[in-house]
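In this note's numbering, the protein residues as written are 143 to 277.
Put into structure tokens, the structure is as follows:
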């Protein structure tokens, strides 16, 4: 817990070490929430904790209830260039915790699945996963 002091003009000043730990720069915006115990501050920043990434729309299952049965879209795999651009974007998310490789396609049918799993693991996320797509 950190002690903050309200100055005569109604401003709070955060200690430098707290600002560094919370990655707050000058001009950063915070949300203030009243709780049953008092007040809580939350940094207002665009960040993501979990990403779902569909590597392919192909699937080896033929479930009757699958939404893919009414699609006219071609069955395709994500290109290496697209995957590389996505990975570059994910590296810019400091609070990313999990990348789920899945969707309407079976991720293990992608020819580069092992390379892509290794790349996701290099991000340091706790539990990269690749569930079987099933209706």
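Where a beta carbon is used, it is the ideal one built from N, C-alpha and C, also for glycine.
- Residue state for residue 261 is assigned as helix, using DSSP reduced to three classes.
- Contact between the stretch 204-211 and the stretch 232-242 is absent: fewer than three C-beta pairs spanning the two stretches fall below 8 Å.
- Annotation: the continuous beta strand (DSSP E) that includes residue 241 extends over 240-243.
- Cβ neighbours of residue 220 within its own chain (closer than 6 Å, five residues either side excluded): 197.
- With a cutoff of 8 Å on beta-carbon distance, residue 185 and residue 154 are scored as not near each other.
- A straight-line Cα-Cα distance of about 24 Å links residue 267 and residue 161.
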